[in-house]
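J.:
Quick look at the structure:
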C-alpha cells in the first residue's frame, strides 16, 4: 500500500490557498524594500553603545520587536497590519547594521554578504517549492519547531552572559536548520489552508528568511572571513 505521504509532482491548491500564497509572496518581496533601506541606515549608525551594554541592547531590541509583532497581529485584518509589518521590517533592517558593519570590514565582506543572501534565496525557493508541490502534510513539525525555537531563544540569551564563540557558532548552525524547517512548515500550512491571513503568513516567512540570512552570514564570517 502506498504511503499517505507520497510526494506528488504537483499540488492542486484551492483558490483561497492560492490567493493567500500569491499575496504572501508579493508582500514578502515588498518587505525587502524597507529592510534594505533600514540596513543602509543601520550601517551608518555608530553601535558602540550596543557593544558597551550588549545585554541591555538585546533586551530593548527584543521588546521593540515583540511589540511590533503584537501590533501586526492585532491589525492583521486591516490595512494598518501592512503598515506595521513594513515598519517592523524597516526596524529589522536597521538592526542588521552591526553584523553588516563587521562583515564589510573584512576584505571579502561584500562577497560573504552576497553568498549569505544567495544561500538564503536558494534555501527559501527550494523549500517553498517542496512545500507547495507535495501532498505531504508537514503539520507534525509544529510542536518540534516550537520547542526548538524556545530552546534557541533561551540558549541565545544565556550566551549573552557566557560569551562563548564556539557556542554562538553552534547556535547559528541550529538556527539555519530550524528556520529552514519553519519555511517548509509555514508554506505547507498555507497550501493546506492552515493559514488564511497573508499578513501573518508574510510575517512568519520574513522572520525565517531574516534569521537564515543573519545566521548564514555569521557562519560565513567565522569560517571564510578574510581578516588580513
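In our numbering, the protein residues as written are 202 to 429.
Glycine residues also receive a C-beta, built at the ideal position from the N, C-alpha and C atoms.
(1) Does DSSP put residue 365 in a helix, a strand or coil?
(2) For residue 394, does the three-state DSSP call read helix, strand or coil?
(3) Please list, in chain order, all residues of the same chain as residue 343 whose beta carbon is under 8 Å from its beta carbon, the five residues on each side excluded.
(4) Assuming residue 240 and residue 297 form a contact by the criterion Cβ under 8 Å, report the distance between their Cβ atoms to the nearest whole angstrom.
(5) Mapping the DSSP letters down to three states, classify residue 153 as helix, strand or coil.
(6) Quick check: residue 197 and residue 269, are their CB atoms within less than 8 Å of each other?
(7) If residue 354 and residue 379 are in contact, beta carbons under 8 Å, what's the gap, nearest whole angstrom?
(8) Can you tell me whether DSSP reads residue 296 as helix, strand or coil?
(9) Return the CA-CA distance between residue 422 and residue 215, expressed in angstroms with no decimal places.
(10) Within the continuous alpha helix (DSSP H) that includes residue 333, where are the two ends?
(11) Starting from residue 262 and walking both ways along the alpha helix (DSSP H), at which residues does that stretch end?
T.: For this structure:
(1) Position 164 of the chain shown, counted from the start, is the residue given in the question as residue 365. For residue 365, the three-state secondary structure derived from DSSP is coil.
(2) Reading the chain shown from its first residue, position 193 is the one you call residue 394. Taken through DSSP and simplified to helix, strand or coil, residue 394 comes out as coil.
(3) The residue you call residue 343 lines up with position 142 of the chain shown. Correct list, in chain order: 386.
(4) If you number the chain shown from 1, residue 240 lands on position 39. If you number the chain shown from 1, residue 297 lands on position 96. Contact flag correct, Cβ pair sits at about 5 Å.
(5) Missing from the structure shown is residue 153; the chain here goes from 202 to 429 and no further.
(6) Any property of residue 197 remains undetermined from this structure, which presents the chain solely from 202 to 429.
(7) To locate residue 354, count along the chain shown from 1; it is residue 153. To locate residue 379, count along the chain shown from 1; it is residue 178. The pair is not a contact, with the Cβ atoms about 11 Å apart (cut-off 8 Å).
(8) As a working note, residue 296 is residue 95 in the chain shown. Here residue 296 sits in coil by DSSP.
(9) Translated into positions along the chain shown, residue 422 becomes position 221. Translated into positions along the chain shown, residue 215 becomes position 14. Inter-residue distance for residue 422 and residue 215 is about 43 Å (C-alpha atoms, whole angstroms).
(10) Mapped onto the chain shown, residue 333 falls at position 132. Residue 333 -> alpha helix (DSSP H) spans 310-334.
(11) For the purposes of this step, residue 262 is taken as the residue at position 61 of the chain shown. Where residue 262 is concerned, the enclosing alpha helix (DSSP H) stretches over 255-275.
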